[in-house]
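This report concerns only the one structure given below.
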Amino acid sequence: MKVRLGEVCQLIGARLEGESEYVIEGVCSLEDTGPARICFAEGNRYLQKVQSVAEGTVVIVNSDFPDIPGHRLLRVEKPRHAFIRVTELFLEPMAAEGIHPAASLDGSASIGDKVSIGACATVAADAMIGAHSIIQSGARIGPGVVMGQGCLIEANAVLMSGVTLGDRVVIHAGAVIGGEGFGFVWMDDHHHKVPQIGTVEIGDDVEIGCNSCVDRAALGVTRIRRGTKIDNLVQVGHNVDVGEHVIICGHSGLGGSATIANQVMIGGGAIISDHAEVGERAMVGGGSGVPGKVDAGDSVLGIPARSIRRAKREFAAVSRLPELLKAFKSQTRELEALQARVAELEEVKNSG
Amino acid sequence: MKVRLGEVCQLIGARLEGESEYVIEGVCSLEDTGPARICFAEGNRYLQKVQSVAEGTVVIVNSDFPDIPGHRLLRVEKPRHAFIRVTELFLEPMAAEGIHPAASLDGSASIGDKVSIGACATVAADAMIGAHSIIQSGARIGPGVVMGQGCLIEANAVLMSGVTLGDRVVIHAGAVIGGEGFGFVWMDDHHHKVPQIGTVEIGDDVEIGCNSCVDRAALGVTRIRRGTKIDNLVQVGHNVDVGEHVIICGHSGLGGSATIANQVMIGGGAIISDHAEVGERAMVGGGSGVPGKVDAGDSVLGIPARSIRRAKREFAAVSRLPELLKAFKSQTRELEALQARVAELEEVKNSG
Amino acid sequence: MKVRLGEVCQLIGARLEGESEYVIEGVCSLEDTGPARICFAEGNRYLQKVQSVAEGTVVIVNSDFPDIPGHRLLRVEKPRHAFIRVTELFLEPMAAEGIHPAASLDGSASIGDKVSIGACATVAADAMIGAHSIIQSGARIGPGVVMGQGCLIEANAVLMSGVTLGDRVVIHAGAVIGGEGFGFVWMDDHHHKVPQIGTVEIGDDVEIGCNSCVDRAALGVTRIRRGTKIDNLVQVGHNVDVGEHVIICGHSGLGGSATIANQVMIGGGAIISDHAEVGERAMVGGGSGVPGKVDAGDSVLGIPARSIRRAKREFAAVSRLPELLKAFKSQTRELEALQARVAELEEVKNSG
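Residue numbers (our numbering), protein chains in the order written: chain A, 33 to 384; chain B, 33 to 384; chain C, 33 to 384.
Next up, the structure:
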């Protein structure tokens, strides 16, 4: 794949400084530049680094980046965004490879146009696969699954029966969507399963990371709304409702019936309790434990989660606590000494 | 599936208030009722909600729930339990689908009566599969695995060689049973593996959640006793002994050789250290870290875990700590001022 | 497999105390001894236990272990190490089973000498599998993967496209290597994916645990260097660099671009933030959260992680905090009382 510098500038809205015919063949990082490659630097703090790369290197920089004679600097407002656009130019679209002969499709499944299905993947009865979707090797599409167009189900991912996916959903390798929720009641001397007969609905443009799990609802629907991105090894319990454009980082867990509003961001390793509610655009710091409610727009941290400002003050206070205990002890002694002195003065007065 | 109201009442021990011929076709939640459906409400706090659903709705309620004319209320002692019983009426039993032609079975494996094995599942040499068990597509049954009757091994779950399962065990999608324990010693300038030649034994009626891992013992047995339920993404280390009827919520981890007694409950994201011991019926709160021993019957919380009452007092105390530091500083100043005043008084006395 | 005691002594450098012809047929633990078995006891604290096992039992003990007439004690400096050596004698080497007819290999893949590939495993285009490697059933080897010699890829593990493995690498069941990193920027009202076009390189003798995930780099390489051992359910983010001979216990997570130097040890459930740096031979305690930098050789604990000594002092101080709050309140009252008494003395003086 080759692209002329002129085309690149047009794509990202950069002023062309001559050489529109220079040919770009790929992207690179600022640490690993080379001829015919393009990289980016966001912010003038990278000046020294950009100066140090070979003459002629193509670098997307911010508008007010200092000039470096000999370098090919493309000035834009948001270098990172521009770089992403250029990178996308060089992404090879996944070829529609058709259905591998070692895939196993139930005769009642409905397979859309230009669908690819890898070796040893299975599609069960009554499943419907939207056009241009890709199902990699070993993925399991359960009975009655409905999948929109342009989805990507990676290797060994599992969609249990009846799960519904919108368009352009990405389920990364090993993720399990629609497993049974974890619900039991103590009955007749054993933990008796609460039947988990609900389902999972996943909106357009959602991504679910590798080996993450989204449980089906006990009754009704576990819902992940459009545009939400979930990292690896995340657990989403039954009947959870995750809003639109939410970010959930790795190793986090959402307990049953938790509600996460639109555009929330949840850091890595956070635990959201059963039935907890996190309001719109709230941020939950990594490693936090949310027992109840986080108001819209709040940023919280810690176990239990409280405002991030409060949490940081408390962390700092705890670090001073051993010294405080010592100081308190010494102050107690001083107070006692003073009490004795006052008692003596009082005695003098009384006896005076 | 259709069931008459009279039969439902008989099943759950509710007094029939006429209409034994009314036909029920399924269950629903109180949020999503409809004709021919049955839902439940546990506790009088749901009165307003029950009043608001359409006339004639069938609701299982507690014995002393207020009467609502026009509704079909079925009174029982434990509405949730009764509802579970009714729901089970409507569960479609998984059909015995036999062995899919795209499954791969070793000739030496022994397959019980009415076993179902899905496409692209594999059963290795000398494995024994009990009658009525279901092995979904892509599940891996290793060499010499012994499985009881009525087990369910979901899609892409893995039973490594030699693992033993009781009856009615459920291994959810993507779980791995019998992986090598994580044991190394530093030897000749590298981490040398301690051979992991033990096995895993899982009792009757155990469930292991999606993408959870149970490691084989170094020597001997990693044991999960009957009736225990383990959620998704849980790690059970080598040589762990988990008792009967234990509940372990998502994202928890049990370090090597930990011992968990009967009927313990462990919240989400808890970490039980290597060799730790949790006594019978103890409760470990979500996100806790248990470094050593929890006595039978205790409830613990926090890192490190202490009694839940103690932990909550400490959480509250920490939240007052920043103010305490300020107050202490000001008290120090007051004490100094007082010391000066007393010194002055003493001077007067002495010079007097 | 049978080994004479004389050979065992020679292997582990133990002095032979007669009976070189006694035959050993396997290893066992001290809890479960038997004839023709060999176990070990490290330290004199096991004396009573060793005395209690049947006469004639073969036990590897430390050099200065007390003599027990009738037992077969093999004295060495490091009983555990010696026991590992003996155990390895009895490990059955995995047989080269060749390529299962139900495996699916792309014609362009290059398969080394004596490679075993299990049923329903897949090897995609242009993959290169080194000699003596074992790919278990259901494992997915993506396009262009390069794997050294003697690797073991367990059941249902996934190597995404282009991943590179050294020699003797073990990828345990269900692990996913080379999933897309979790990188998004907010662009045009949605989370826009930062293309993840880098790769993963894994050094010789590395092990990655069951259901763990190692993401590919955005640009460049996510690297795990030789000899490093990673437990189950661990997340390694994009562009992370993990040094040599590192130990990472279960449920830990390494955020994007984190750097872990050689011989670091990370306990279970620890969270290392994006871009954090952990210096050589540092130790990170279980459940810790590392927000920034840990110096070489340091041992840290807690959220946020601080020196383990400091953290333990602070944990202890927090446990005294509720009492401190009470004591402070009472001291405040005493101070006020004293202030009143001093004021009275001053009044007397002034009026005197």
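We put the beta carbon where it would ideally sit given N, CA and C, even for glycine. Since this is a predicted model, take the numbers as computed values, not measurements.
As assigned by DSSP and simplified to three states, the class of residue i
i	result
GLY285(B)	strand
CYS41(B)	helix
GLY259(A)	coil
GLY321(A)	strand
LYS146(C)	coil
ASP138(C)	coil
VAL278(C)	coil
VAL201(A)	coil
ILE298(A)	strand
ILE335(A)	coil
GLU129(A)	coil
GLN228(A)	coil
GLU312(B)	coil
C-beta atoms of residue i and residue j nearer than 9 Å
i	j	result
ASP273(A)	ALA250(A)	no
ILE240(A)	ILE209(A)	yes
LEU105(A)	GLU49(A)	yes
ARG69(C)	VAL90(C)	yes
VAL350(C)	LEU353(A)	yes
ALA163(A)	VAL177(A)	no
LEU306(C)	GLY269(C)	Here residue 306(C) is Asp; the residue named in the question, Leu, does not match the sequence. Going by C-beta atoms, ASP306(C) is nearer than 9 Å to GLY269(C).
GLY206(A)	ASN188(C)	yes
ARG399(B)	GLU74(B)	Given that chain B is displayed from residue 33 to residue 384, the structure contains no residue 399(B) and the question cannot be resolved.
VAL184(A)	SER165(A)	With the sequence shown as reference, residue 184(A) is identified as Leu, and Val is not the correct amino acid for it. Yes.
ILE173(C)	ALA128(C)	no
LEU367(A)	GLU366(C)	yes
Opening and closing residue of the alpha helix (DSSP H) in which residue i lies
i	result
ARG341(A)	340-383
THR119(C)	111-122
Pick from the options that is closest to residue i, judged by C-alpha positions
i	options	result
THR254(B)	ILE279(B), GLY287(B) and ASP237(B)	GLY287(B)
ALA293(C)	ARG258(C), ARG200(C) and GLU129(C)	ARG258(C)
ILE303(C)	GLU312(C), ASP237(C), ILE280(C) and SER140(C)	ILE280(C)
PHE115(A)	ARG365(C), PHE216(C), LEU79(C) and HIS283(C)	PHE216(C)
HIS283(A)	GLU109(A), GLU276(A), GLY301(A) and PHE347(A)	GLY301(A)
SER193(C)	THR231(A), LEU191(A), GLY194(A) and GLU186(A)	GLU186(A)
LYS358(A)	ARG345(C), ARG365(C), LEU370(C) and GLU366(C)	ARG345(C)
ILE203(B)	MET297(B), ALA163(B), ILE234(B) and VAL226(B)	ILE234(B)
GLU109(B)	ALA46(B), ALA157(B), GLY88(B) and VAL55(B)	ALA46(B)
PHE122(B)	PRO98(B), HIS132(B) and ARG36(B)	ARG36(B)
ALA151(C)	GLU276(B), ILE161(B) and GLY170(B)	GLY170(B)
PRO133(B)	LYS225(B), ALA153(B) and LYS146(B)	ALA153(B)
MET126(A)	GLU376(A), SER52(A) and GLY182(A)	GLY182(A)
GLU212(B)	HIS223(B), MET219(B) and PRO227(B)	PRO227(B)
HIS277(B)	CYS71(B), ALA314(B) and ALA348(B)	ALA314(B)
THR119(A)	GLN295(A), ILE56(A) and GLU129(A)	ILE56(A)
MET43(A)	ARG373(A), VAL59(A) and ARG117(A)	The residue asked about is misnamed: residue 43(A) is Leu in this sequence, not Met. The option with the nearest alpha carbon to LEU43(A) is ARG117(A).
First through last residue of the beta strand (DSSP E) which encompasses residue i
i	result
GLU233(A)	231-234
CYS242(B)	Unbroken run through CYS242(B): none, as it is neither H nor E.
GLY329(A)	Premise fails: GLY329(A) is in no beta strand (DSSP E) and is neither H nor E.
GLY211(C)	208-211
HIS224(C)	222-225
MET192(C)	That residue, MET192(C), is in no beta strand (DSSP E); it is neither H nor E in DSSP.
PHE214(C)	That residue, PHE214(C), is in no beta strand (DSSP E); it is neither H nor E in DSSP.
Under 8 Å by beta carbon: chain D residues contacting residue i
i	result
LEU377(B)	The structure shown has no chain D; the protein chains it does contain are A, B and C.
4 or more residues per run - each alpha helix (DSSP H) lying fully within the region 34-110 of chain B: 37-44 and 79-84
Those runs of the beta strand (DSSP E) which lie wholly inside the region 144-185 of chain C and span at least 3 residues: Entirely contained in the region 144-185 of chain C, not one beta strand (DSSP E) run reaches 3 residues.
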